[in-house]
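Residue numbers (the working numbering), protein chains in the order written: chain V, -12 to 75; chain Z, 214 to 456.
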């Protein structure tokens, strides 16, 4: 497994385990929207939980609500932000 | 991984101090922080009884900056607050027609704003641990709405509403939020009052006695346990049957 897909899997595990989403890992596409129409259906409480879990697991602090909107769009956008934070 | 700890505000006397002692006596693995603003004799005495498992935090619960600095101290000691007992508060009774704005505002601040500030301050830590217990000490006054307490009754009723609302927000994170409404409890405020008045009050209580701080503490302790995981948004009155 590449480093990139391992990171995607870790993020999907957070969605399933921490947010207790009733879906299987392979039902979550890397670019499946997390919120809004045709999405996994996350709400504002899920988003808050996700922010805390990402900070705890990857050390990425997301304190700006506007930045959060961009980062929490999909598994891929979260992974991109995590990678970027580690490279800086 | 940080060790879990308990923070009890208003812990210098009465219900707060009894609750802290109850935790220390019934759970040998717990660490208890006593949040106090002024008058620390009883808090210091308790901390001296349990020097390895109890610490005192200087904390004015109405000030966000003091919550921040207190929690920074807890984090520096490699602990995280997973049980918060919002107990601090005061009352300043007047008929509304004569109530100075300051008496209204300060009672709302110490009883209601403090619960907001404290809960907000500890929530992220609890979310990270996926475990938390917030126990808010409201009052029977919230339910009885006695005359002379428009400020206090409103603040404590606000605490009950806040408890229910926050409970829904954090339920899926395994954090529970509950309120307790003590009735007449044997605290210094009651003990130093007029004995005749105390006698008359007891007649209004079906159990014909005041409650003991320990009897409130026991309920707080239970709500903080893992076994109380499915109780949230509840309001428990402890009043000898008054209401």
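Note that CB positions come from ideal geometry on N, CA and C, so glycine has one too.
Quantities reported herein were computed from a predicted structural model and do not represent experimental measurements.
inquiry  = Going by DSSP in three states, residue 465 of chain Z sits in which element: helix, strand or coil?
reply    = Since the first and last residues shown for chain Z are 214 and 456, residue 465 of chain Z lies out of range.
ask   = Does the pairing of the segment 224 to 235 of chain Z with the segment 294 to 302 of chain Z give three or more beta-carbon distances under 8 Å?
value = Yes, since at least three Cβ pairs between the segment 224 to 235 of chain Z and the segment 294 to 302 of chain Z fall closer than 8 Å, the two stretches touch.
request  = Below 6 Å CB to CB, which residues in the same chain sit around residue 307 of chain Z once its five sequence neighbours on both sides are set aside?
outcome  = Once the five neighbours on either side are set aside, the close Cβ partners of residue 307 of chain Z are 316.
ask   = When we look at the beta-carbon of residue 360 of chain Z and count the other beta-carbons within 10 Å, is it buried (16 or more) or exposed?
value = By the neighbour-count rule (16 or more Cβ atoms within 10 Å), residue 360 of chain Z is not buried but exposed.
query = Going by the CB atoms, is the gap between residue 247 of chain Z and residue 261 of chain Z shorter than 8 Å?
reply = No, the Cβ-Cβ distance between residue 261 of chain Z and residue 247 of chain Z is not below 8 Å.
ask   = How many Å lie between residue 342 of chain Z and residue 63 of chain V at the Cα?
value = Cα to Cα, the separation comes out at about 25 Å.
key: Cβ neighbours of residue 353 of chain Z in the same chain (closer than 7 Å, five flanking residues each side left out)   = Only residues of its own chain outside the window of five on either side were considered, and among them 394, 395, 396, 450, 452, 455 and 456 have a CB closer than 7 Å to the CB of residue 353 of chain Z, listed in chain order.
key: Bridge partner(s) assigned by DSSP for residue 450 of chain Z   = DSSP output for residue 450 of chain Z lists Z:394 as bridge partner(s).
ask   = Around the C-beta of residue -5 of chain V, are 16 or more other C-beta atoms found within 10 angstroms, so that it is buried, or is it exposed?
value = Buried.
Chain V contact for residue 385 of chain Z (CB, 8 Å cutoff) = At least one CB atom of chain V sits nearer than 8 Å to the CB of residue 385 of chain Z.
ask   = Of all the CB atoms in chain V, is at least one closer than 8 Å to the CB of residue 340 of chain Z?
value = Chain V, which has a Cβ nearer than 8 Å to the Cβ of residue 340 of chain Z, makes this yes.
key: Among Z:365, Z:380 and Z:312, the one whose alpha carbon lies nearest that of residue 336 of chain Z   = It is Z:380 whose Cα lies nearest to the Cα of residue 336 of chain Z.
CB contact below 8 Å: residue 382 of chain Z versus chain V = With a threshold of 8 Å between beta carbons, residue 382 of chain Z makes contact with chain V.
query = Where does residue 249 of chain Z fall in DSSP's three states?
reply = Shown here, residue 249 of chain Z sits in a strand according to DSSP, grouped into three states.
ask   = Exposed or buried, which one is residue 255 of chain Z when buried takes at least 16 other CB atoms within 10 Å?
value = That one is buried.
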